[in-house]
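Heads up: the sequence shown begins at 106 in my numbering, then just goes up one per residue.
Comments concern the structure below.
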Amino acid sequence: MNDERHPMIEAYASQLIQAPVDVVWDRVGGFDSLPRWHPGIVSSERVAHPGPGAGPLRRLTTRAGEVFLEARLEHDAHARSYAYAMLEGPLPVRDYHAKLRVTPVTATGQTFIEWSATFNPKPGHEAEALARRVRDEILTPGLTGLAHTFLPPTGRAPTPDRAWRR
């Protein structure tokens, strides 16, 4: 519950992506798309929904073997955003809600993406440290990983014309 004694904590990350907004949204807009672009997520599985309420459920598994169960709350393809709630997971939080939003940078043809989460820490956990952990271990690496999916492959020099070997 949010009150003056226990204000909601926010973690926030943003990234500039070197690709058009529709291409970026196509990559991130699917609720099950995280394994395609988040380096810490190895799988996303749909879970049968037990009844009325929130939208689709996903079970995410991290490289470290941690499991998160999340429910999609909103999906707005026109605004290029979706929101979800973490129902279960290893983080010591309550009332975890997050939103991912993709917007065009019209002057350059690039894309601005932001990912934020609000939550309350469970008793015994320091709020600011937990906000940094969510930002530094989930949000920022995810957006950095996404940005890297749009970069050209590195470490490969262009294939030279082989005529000089003759």
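The C-beta atom is built at its ideal place from N, Cα and C for all residues, glycine as well.
Quiz item: Touch check for the segment 232–239 and the segment 134–146: three-plus C-beta pairs under 8 Å?
Solution: In short, these stretches do not touch, since the Cβ pair count stays below three.
Exercise. Would you decide whether A268 is buried or exposed? Buried here means 16 or more other CB atoms lie within 10 Å of its CB.
Key: Here residue 268 is taken as the residue at index 163 of the sequence shown, counted from 1. Summary for A268: the model assigns pLDDT 42, below 50, so the residue's position carries little reliability; its value from the coordinates is reported in the next sentence. Exposed is the call here.
Quiz item: Would you report the Cα separation of H253 and K204, rounded to the nearest angstrom?
Solution: Mapped onto the sequence shown, residue 253 falls at position 148. Mapped onto the sequence shown, residue 204 falls at position 99. Answer to the nearest angstrom: the Cα atoms are 21 Å apart.
Quiz item: So, is A169 buried or exposed, given that buried needs 16 or more other C-beta atoms within 10 angstroms?
Solution: As a first step, residue 169 is located in the sequence shown; it is residue number 64 there, counting from the start. It is exposed - the Cβ of A169 has fewer than 16 other Cβ atoms within 10 Å.
Practice problem: Please name the residue or residues paired with K204 in a DSSP beta bridge. | Solution: Residue numbering aside, residue 204 sits at position 99 when the sequence shown is read from its first letter. A188, S221.
Quiz item: Expressed to the nearest angstrom, what Euclidean distance is found between the alpha-carbon atoms of P226 and F173?
Solution: The residue you call residue 226 lines up with position 121 of the sequence shown. The residue you call residue 173 lines up with position 68 of the sequence shown. Using only the alpha carbons, I get a separation of about 16 Å.
Self-check item: Nearest-angstrom beta carbon gap, Y117 and R238 [assumed within contact, 8 Å]
Solution: In the sequence shown, the residue the question calls residue 238 occupies position 133. In the sequence shown, the residue the question calls residue 117 occupies position 12. No, R238 and Y117 are not in contact; Cβ-Cβ is about 13 Å, not under 8 Å.
Quiz item: Roughly how many whole angstroms lie between the Cα atoms of I122 and L248?
Solution: The sequence position of residue 122 within the sequence shown is 17, counting from 1. The sequence position of residue 248 within the sequence shown is 143, counting from 1. A straight line joining the alpha-carbon of I122 with that of L248 spans about 9 Å.
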